[in-house]
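Numbering-wise, this note's numbering comes out as the position in the sequence shown, counting from 1, plus 46.
Quick reminder that beta carbons are idealized off the backbone N, C-alpha and C, glycines included.
Every value quoted in this text rests on a predicted model; they were computed, and no experiment measured them.
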Amino acid sequence: MKITPAEEPHRTSTDLNPDNKSVRGYLPSVFFSTYIGSVVISINPYRPLPIYTPEKVEEYRNRNFYELSPHIFALSDEAYRSLRDQDKDQCILITGESGAGKTEASKLVMSYVAAVCGKGAEVNQVKEQLLQSNPVLEAFGNAKTVRNDNSSRFGKYMDIEFDFKGDPLGGVISNYLLEKSRVVKQPRGERNFHIFYQILSGASEDFLCKLKLERDFSRYNYLGLDSAKVNGVDDAANFRTVRNAMQIVGFMDHETQSVFEVVAAVLKLGNIEFKPESRVNGLDESKIKDKNELKEICELTGIDQSVLERAFSFRTVEAKQEKVSTTLNVAQAYYARDALAKNLYSRLFTWLVTRINESIKAQTKVRKKVMGVLDIYGFEIFENSDNSFEQFIINYCNEKLQQIFIELTLKEEQEEYIREGIEWTHIEYFNNAIICDLIENNQTGILAMLDEECLRPGTVTDETFLEKLNQVCATHQHFESRMSKCSRFLNDTSLPHSCFRIQHYAGKVMYQVEGFVDKNNDLLYRDLSQAMWKASHSLIKALFPEGNPTKINLKRPPTAGSQFKASVATLMKNLQTKNPNYIRCIKPNDKKAAHIFNDALVCHQIRYLGLLENVRVRRAGYAFRQAYEPCLERYKMLCKQTWPHWRGPARAGVEVLFNQLEIPEEEFSFGRSKIFIRNPRTLFKLEDLRKQRLEDLATLIEKIYRGWKCRTRFLLMKKSQIVIASWYRRYAQQKKYQKIKSSAIVVQSYIRGWKARKLLRELKHQKRCNEAATVIAAYWHGTQARRELRRLKEEARNKHAIAVIWAYWLGYKARRELKRLKEEARRKHAVAVIWAYWLGLKVRREYRKFFRANAGRKIYEFTLQRLMQKYFLEMKNKMPSLSPIDKNWPARPYLFLDSTHKELKRIFHLWRCKKYRDQFTDQQKLIYEEKLEASELFKDKKALYPASVGQPFQGAYLEISKNPKYKKLKDAVDEKIIIAEVVNKINRANGKATSRIFLLTKNNVLLADQKSGNIKSEVPLGDVTKVSMSSQNDGFFAVHLKEGSGAAGKGDFMLSSDHLIEMATKLYRTTLSQTKQKLNIEICDEFLVQFRQDKVCVKFIQGSQKNGNIPTCKRKNNRLLEVAVP
47 MKITPAEEPH
57 RTSTDLNPDN
67 KSVRGYLPSV
77 FFSTYIGSVV
87 ISINPYRPLP
97 IYTPEKVEEY
107 RNRNFYELSP
117 HIFALSDEAY
127 RSLRDQDKDQ
137 CILITGESGA
147 GKTEASKLVM
157 SYVAAVCGKG
167 AEVNQVKEQL
177 LQSNPVLEAF
187 GNAKTVRNDN
197 SSRFGKYMDI
207 EFDFKGDPLG
217 GVISNYLLEK
227 SRVVKQPRGE
237 RNFHIFYQIL
247 SGASEDFLCK
257 LKLERDFSRY
267 NYLGLDSAKV
277 NGVDDAANFR
287 TVRNAMQIVG
297 FMDHETQSVF
307 EVVAAVLKLG
317 NIEFKPESRV
327 NGLDESKIKD
337 KNELKEICEL
347 TGIDQSVLER
357 AFSFRTVEAK
367 QEKVSTTLNV
377 AQAYYARDAL
387 AKNLYSRLFT
397 WLVTRINESI
407 KAQTKVRKKV
417 MGVLDIYGFE
427 IFENSDNSFE
437 QFIINYCNEK
447 LQQIFIELTL
457 KEEQEEYIRE
467 GIEWTHIEYF
477 NNAIICDLIE
487 NNQTGILAML
497 DEECLRPGTV
507 TDETFLEKLN
517 QVCATHQHFE
527 SRMSKCSRFL
537 NDTSLPHSCF
547 RIQHYAGKVM
557 YQVEGFVDKN
567 NDLLYRDLSQ
577 AMWKASHSLI
587 KALFPEGNPT
597 KINLKRPPTA
607 GSQFKASVAT
617 LMKNLQTKNP
627 NYIRCIKPND
637 KKAAHIFNDA
647 LVCHQIRYLG
657 LLENVRVRRA
667 GYAFRQAYEP
677 CLERYKMLCK
687 QTWPHWRGPA
697 RAGVEVLFNQ
707 LEIPEEEFSF
717 GRSKIFIRNP
727 RTLFKLEDLR
737 KQRLEDLATL
747 IEKIYRGWKC
757 RTRFLLMKKS
767 QIVIASWYRR
777 YAQQKKYQKI
787 KSSAIVVQSY
797 IRGWKARKLL
807 RELKHQKRCN
817 EAATVIAAYW
827 HGTQARRELR
837 RLKEEARNKH
847 AIAVIWAYWL
857 GYKARRELKR
867 LKEEARRKHA
877 VAVIWAYWLG
887 LKVRREYRKF
897 FRANAGRKIY
907 EFTLQRLMQK
917 YFLEMKNKMP
927 SLSPIDKNWP
937 ARPYLFLDST
947 HKELKRIFHL
957 WRCKKYRDQF
967 TDQQKLIYEE
977 KLEASELFKD
987 KKALYPASVG
997 QPFQGAYLEI
1007 SKNPKYKKLK
1017 DAVDEKIIIA
1027 EVVNKINRAN
1037 GKATSRIFLL
1047 TKNNVLLADQ
1057 KSGNIKSEVP
1067 LGDVTKVSMS
1077 SQNDGFFAVH
1087 LKEGSGAAGK
1097 GDFMLSSDHL
1107 IEMATKLYRT
1117 TLSQTKQKLN
1127 IEICDEFLVQ
1137 FRQDKVCVKF
1147 IQGSQKNGNI
1157 PTCKRKNNRL
1167 LEVAVP
């Protein structure tokens, strides 16, 4: 698809008259595109032209439509600016025969839009992904045909989404009817899809080895050898381009690897061949000739070889509750193989489109503007009756596109002139609605007959379908058949018996009815679907969800025709919501060669595309029309009477505007609700005036803004100058005052210093005088004292000599008396010792016969024994009571019995405790174990604990089994109830309390309504992670649930109970018993709970006494819940 160079002269659409003899040789030598109104007519030159450079993009950027030579860039720019500036969704419809250049035109449109829209890292990434999606889809969906080396074998419609600035946000691609029959069979002179040849040509040896492929094309039955190489096409380079494009679009490495593994599996499926075998019962059975290919396919896909081999040999039919397994003959096995290959490739292509959409979809949810680009297969007419179901569907789609072109350009435009009261002479044109009705009518249409035949019980063949068409469509003027009842076709020997002919808008097409029923059914045996679902290959398993045995659907899937019909209807509905822009592509010859122009072929295309009628309508009609309100809103600034506000009717404002601008009356007409402008130059003039006026208004706004800004700045500077001056004057006075003050202080300091020094001199003189008198007096007193001292010393020496003499005399007398007394004492002591020895001798002589040598030890042991007997006899009478809490114990009588006394006290306490425990029943033991557990959990931690020590743990406070009121609740709970009590559930929103019945069983925690007994919540013990409470004297506690569990949908529970210690202890013991994990008991005056999606802080504070002794709970805000404890 190539466009006219800008330097060649521009020709009008009047030259497109096929009856003009000068058309031969003129069109290709002068131009390759022209306009009919806003419709671009483009001829494929089959050679490259230097008119797609960045310089050309800039040349056509923001230029009026007719300002430069005809070009696809001009139409693209017009559509983009209408979308960006006028907020109108656009669509660009590219139509024409196969080989006319539609795919190239769509790529040119996308490249131009990408070049002129905004810049930036994120925007560039989006543009690159949108552009790189084309090479991927072309590789997997395009193929070489006899008419086109890069023919699209699927329909593509891309919606490109833009933000309010005109920057691309993303896109959505829709695909229509991939020609999957090409996977297994190609007509002579054509190729399979490009990707097969690209892998074998461009992949490395290691990569081919991983895919178990060989580079030789002749090794694969699904690849035609007569057209394996295409001139000018480098499959190896294209493969590298495809891999790079997949990486840019966002495919992960493992996803790319999985895609190529599926492609390799499809290629190798064609090499599986079958041989017949006869069974004992006489039925034919097929077997695989060489299982090496099957083994490699199974290794690629991760399928059990035996499972896939059975799926190729047997077919299971399931109806209601019955299953019947039948063998497949060779023909059926080949059909199953080809059906699997077609479905595998078709579903892979659909997955690729979905995966690309995930990467290129808009990430933001802002309001979007949409530009649609439609690149769909062109009209196809093959020779020698090679037109089959695919060509029939393709041509039906082109009929619908031609119909929407007729309705929007010919029919709608003429009807609008009449509706608006514009003088108009009706121009006749061919309306192909009758052909569309022949194909899509719900009762008598060909697609409806085909679906009815496919769903009919009994023997269904292509011949029965043709017979049905002969019965229903025999009288239709656009349907022909050899067996038709219309006698004028009986002698038509050019029409075979197995064919029918339709008179399309583009000419007569003869369709071979063979294969219509099978291709419309598009059946894949369920055994193959289930075998694919069992694959360990994640991608293949995802492509066959119906193979899941747990999700078997016996409902018949919709036919291919009905699916395509619904898709086309959705496409038409989508296109009608957007402003259409048309590119009509024309093929100059059937040889795909440059410089060859077949005038008959071109004239034929001009006629059936309705271009002649379009020229006549455009000649007689108006180039532009717009409602009065938006027209006045857009151009009101061009007239002083309408600017800035027009108070009257919009039509009157438009009339005033056009009269003021002095536009000739023949250039426009007033309709009932719209203004019609005949010549585009008038519109360009309005746009140029508006652009100039907007520049003037912008200058005026800028002038006013600059004046306001300068005035504001001047006033601000003036105010600032006043403030600065006042502050400076204040500062200057402060500095002057500080200077005067410091000077006064200096003067004062000097005066005070002089006075101080004068006083100091006077005081020093007075001090020296006083010190001189003192020194003289001191010397005098010293002389007198020394004289007295000498006198006293002399007197003392005399007295000391007398004392010394007297002391010596007294000492002498004392020593003599002491000597006498010692002598006397020694004599008395000697007498006593002698007497004692004498008495001892007498005793020993008297008692020697009664004692032995160890008498001392015996006496010691005897004494200890008597003391011990006395100790134990006294302990017998002083023993304390048998109560374990009695701490009394007799005092220790002897020091050496200290350790014995303590050990005896310990043994006695253990003994009386055992005696006390032996009196308990099993129920009492359980209660005391719970009390002991509660002591370990809450002693010295919870202020409420001391009050609970004397209260027995009862558990069943409500007696559910005895109370008939709770019969419904008792029936709903099958397990043993450990605790049942009425608690207050704190509302998560406002902190108010609601009465609930709290039930604890071995496995669950339940909350039930107190009045009705209905269970409100049920939480498994495994989902309880923690219990939180305060350290104060209140009964509030929170039950924390595991995140992500089913019970945690509304968040944690906040409860209040009068038996908090008992409930927490039993919940702790039950959880430990069932889950073997200790439940976390958190005691803190501030903790977090999860209420739905929010984390709320529960804070316990000291409350006032106005509410009595009852704690109150109040929700302060979304993040705080306060509990006031008195």
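- Residue nearest to I427 within the set G593, S144 and L655 is S144 (criterion: CA-CA distance).
- Short of 7 Å from the beta carbon of L941, and not among the five residues preceding or following it, lies no beta carbon of its own chain.
- Look at D205 here: in three-state DSSP terms it is strand.
- Secondary structure note for Q687: it is in no alpha helix (DSSP H), with a DSSP letter that is neither H nor E.
- Distance from the CA atom of T455 to the CA atom of I140, rounded to whole angstroms, is 15 Å.
- S332 is not a Cβ neighbour of L390, given a cutoff of 8 Å.
- Q911 sits in a helix when the DSSP states are folded into three classes.
- Here V412 carries a coil assignment [DSSP, helix/strand/coil].
- In the same chain as Y551, and ignoring 5 residues on each side of it, the C-beta atoms closer than 6 Å to its own belong to Q448, N478 and Y654, in chain order.
- Taking 8 Å as the upper bound for CB-CB distance, R630 and G296 are not in contact here, some 35 Å apart.
- Per DSSP, D1140 is one residue of the beta strand (DSSP E) stretching across D1140 to Q1148.
- Within the segment 98-130, the complete alpha helix (DSSP H) runs of at least 4 residues fall at 100-106.
- If the five residues before and after I440 are omitted, its C-beta is found closer than 7 Å to the C-beta atoms of Y423 and E426, all from its own chain and listed in chain order.
- P992: not part of any beta strand (DSSP E); member of the alpha helix (DSSP H) spanning Y991 to V995, first to last residue.
- As DSSP reads the structure, V218 sits in a beta bridge with D205.
- Residue environment analysis places N194 among the buried positions, since at least 16 neighbouring C-beta atoms fall within 10 angstroms of its C-beta.
- Here the C-alpha atom of K321 lies approximately 6 Å from the C-alpha atom of K335.
- Excluding five sequence positions before and after V1073, the CB atoms of its chain that fall closer than 8 Å to its own CB belong to F1083, A1084, V1085, H1086, A1110, L1113, Y1114, L1125, N1126, I1127 and E1128, given in chain order.
- With a beta-carbon spacing of about 23 Å, N725 and Q136 fall beyond the 8 Å limit used to define contacts.
- Comparing alpha carbon positions, the residue from S324, A771 and R356 closest to K337 is R356.
- Every unbroken stretch of the alpha helix (DSSP H) spanning 4 or more residues and falling wholly within the segment 475-517 is given here in chain order: 479-486 and 492-501.
- Setting aside the 5 residues that flank it on each side, A408 is surrounded in the same chain by E207, L215, G216 and K414, each with a C-beta closer than 7 Å to its C-beta; the list follows chain order.
- Distance check between N516 and each of V506, V648 and R528 places R528 closest, using alpha-carbon atoms only.
- By the criterion of a C-beta distance shorter than 6 Å, D568 is surrounded in its chain by A606, once the five residues flanking it on both sides are discounted.
- Looking at the backbone, the Cα of V700 and that of K134 are separated by about 22 Å.
- Going by DSSP, A1026 is part of the beta strand (DSSP E) stretching over I1023 to I1032.
- Secondary structure at C443: helix, using DSSP grouped into helix, strand and coil.
- The secondary-structure analysis by DSSP pairs F425 across a beta bridge with E143.
- Nearest in C-alpha terms to A249, of all of R286, D262, P233 and N267, is R286.
- Counted as a single uninterrupted DSSP element, the stretch harbouring Y1114 is not any beta strand (DSSP E) but the alpha helix (DSSP H) occupying residues L1106 to T1121.
- Taken through DSSP and simplified to helix, strand or coil, G607 comes out as helix.
- Ranked by how close their Cα comes to the Cα of A744, the residues E509, K781 and M683 have M683 in first place.
- A Cβ-Cβ separation of about 6 Å places A639 in contact with Y92 under the 8 Å criterion.
- Counting only the Cα atoms, R837 lies some 44 Å from K865.
- Per the C-alpha coordinates, the member of I294, D299 and S247 positioned closest to K275 is S247.
- Under the DSSP assignment, H550 falls in the beta strand (DSSP E) whose first and last residues are C545 to H550.
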